[in-house]
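Here's the structure, in structure tokens; my notes come after.
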Amino acid sequence: MTIKEALAHAAKRLAAAGVEDARRNARLLLAAAMKAPPGAHLADDTIVDDDAAARFAAMIARREAREPVSRILGRRGFWTLDLAIGPDTLDPRPDSETVVEAVLARVADRRAKLRVLDLGTGSGCLLLALLAELPRATGLGVDRAPGAVAVARANAAAAQLGGRAEFAVGDWTRGLSGAFDIVVANPPYIPRAELAGLMPEVAGFDPRAALDGGVDGLEAYRAILADLKRVLAPGAIVALEIGAGQATAVKELVNHAGLSIMEVRQDLAGIDRCIVATGG
Ligand SMILES: C[S@@+](CC[C@H](N)C(=O)[O-])C[C@H]1O[C@@H](n2cnc3c(N)ncnc32)[C@H](O)[C@@H]1O
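Going by our numbering, the letters in the sequence shown line up with residues 121 to 400, in that order.
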């Protein structure tokens with residue numbers, strides 16, 4: 121079988137399964153199945169050998185079942201990092217880079233010895249992106265899911281950031297002491313009743329604990345904000361990711377927690393995505 125034939129067949133199957141951008145998905149998976157280096161050109165008439173064809177068939181079957189390409193490959197690019205992901209981590213979203221940008225825009229001295237806290241760290245994406253930009257900062261990533269903490273720790277080591285990043289299994293700030301200069305969080309914020317209606321790629325593969333924001337989608341914000349001030353250094357920057365339409369409600373919770381709102385930052389689609397506040 122040639123690459124052209126393999127792609128045509130796979131793209132047809134994926135399109136029939138309702139996968140958007142079926143041909144591009146097939147191409148990405150075929151490149152991985154053939155162990156081609158990133159960006160390599162695959163000529164249409166190249167023969168796909170039997171081992172690669174078997175790997176490709178298994179990948180296409182998973183994608184047909186609506187597993188995202190990133191989960192099939194086990195990796196996701198975020199900011200400047202190439203991160204591993206797993207069953208216990210959210211697949212990091214490009215929108216979450218808004219949180220990183222929002223914090224960096226407020227840091228006066230990028231070479232300062234800052235302490236960073238990432239609540240609900242998942243793959244570690246927010247903490248590791250910040251540490252990559254703040255060369256003397258150190259940080260702690262907390263997550264309730266032990267499997268996520270293990271992946272985040274491995275990502276830190278792979279990015280040569282393990283010496284400045286610690287990770288712990290925990291319930292938001294419970295039991296934490298210390299004064300953090302930067303706190304970021306992308307908490308679960310989908311209202312529970314909406315979970316079943318999410319795209320199959322999300323509903324079937326992102327961990328429920330990473331999505332479920334309780335009845336109104338705001339439970340995690342309430343829990344985080346109840347104790348956040350206690351762990352803030354003077355003048356700390358707090359950046360919370362929010363879901364579409366949640367800005368007014370989360371701003372109210374942030375004000376109620378005694379923090380001062382500095383900005384509501386939008387993502388590339390123009391949707392309010394991050395509340396930046398200060399406190400401590
Ligand atoms: C939306 S995901 C965000 C993951 C990652 N920060 C990102 O942006 O891709 C939310 C994370 O919060 C974690 N989480 C949920 N409840 C928690 C709690 N009570 N304490 C700590 N982490 C929690 C979940 O396990 C999940 O990893």
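Using N, Cα and C, we set each Cβ at its ideal position, and we do this for glycine too.
Can you tell which of the options has the C-alpha that lies nearest to the C-alpha of residue i?
i: Lys-124; options: Thr-241, Val-168, Arg-256; result: Val-168
i: Ala-257; options: Leu-246, Arg-230, Ala-173, Gly-355; result: Arg-230
i: Leu-224; options: Phe-198, Leu-239, Leu-201, Ala-252; result: Ala-252
i: Thr-200; options: Leu-248, Leu-162, Gln-366; result: Leu-248
i: Ile-344; options: Ser-380, Leu-388, Thr-293, Ala-163; result: Thr-293
i: Gly-240; options: Ala-222, Ser-190, Pro-212; result: Pro-212
i: Arg-393; options: Thr-218, Lys-371, Phe-176, Arg-196; result: Thr-218
Just reading off the beta strand (DSSP E) that residue i is part of, what are its end residues?
i: Leu-203; result: 201 to 204
i: Phe-198; result: 195 to 198
i: Phe-287; result: 285 to 289
Just to confirm my understanding: we take residue i, look at its own chain, exclude 5 residues before and 5 after, and list those with CB closer than 8 Å. What are they?
i: Glu-187; result: Glu-321, Gly-324, Phe-325
i: Ala-356; result: Ala-299, Phe-300, Asp-301, Ile-302, Val-303, Thr-398, Gly-399, Gly-400
i: Gly-363; result: Tyr-309, Ile-310, Gly-333, Gly-337
i: Ile-70; result: An answer regarding residue 70 cannot be provided, because it is not within the stretch 121 to 400 covered by the chain.
i: Ala-173; result: Met-121, Ala-126, Ala-153
Using 8 Å as the cut-off, classify the Cβ of residue i as near or not near the heavy atoms of ligand 1, replying yes or no.
i: Cys-245; result: yes
i: Ala-61; result: Residue 61 is absent from the structure shown; the chain starts at 121 and stops at 400.
i: Tyr-309; result: yes
i: Asp-169; result: no
i: Asn-306; result: yes
i: Glu-223; result: Note on residue identity: the sequence assigns Val, not Glu, to residue 223. Checking the Cβ of Val-223 against ligand 1 gives no.
By the DSSP assignment, the alpha helix (DSSP H) with residue i in it spans what residues?
i: Val-370; result: 367 to 376
i: Pro-320; result: 320 to 323
i: Gly-267; result: 266 to 278
i: Ala-126; result: 123 to 136
i: Val-223; result: 217 to 226
Going by beta carbon distance, what residues of the same chain come within less than 7 Å of residue i, once the five residues before and after it are set aside?
i: Ala-330; result: Leu-210, Gly-242, Pro-308
Within the same chain, show all residues whose beta-carbon is closer than 6 Å to that of residue i, passing over the 5 residues directly before and after it, in chain order.
i: Leu-87; result: Shown here, the chain extends from 121 to 400; a query on residue 87 therefore has no answer.
i: Val-289; result: Pro-266, Val-269
inquiry  = With a threshold of 8 Å, are at least 3 pairs of Cβ atoms found where one atom belongs to the region 329 to 340 and the other to the region 308 to 318?
reply    = In the pairwise beta carbon analysis, the region 329 to 340 is classified as touching the region 308 to 318: at least three pairs are separated by under 8 Å.
message = Across the region 191 to 211 and the region 264 to 283, are there enough close Cβ pairs to call them in contact, namely three or more that are closer than 8 Å?
response = The region 191 to 211 makes contact with the region 264 to 283: 3 or more CB pairs, one atom from each, lie closer than 8 Å.
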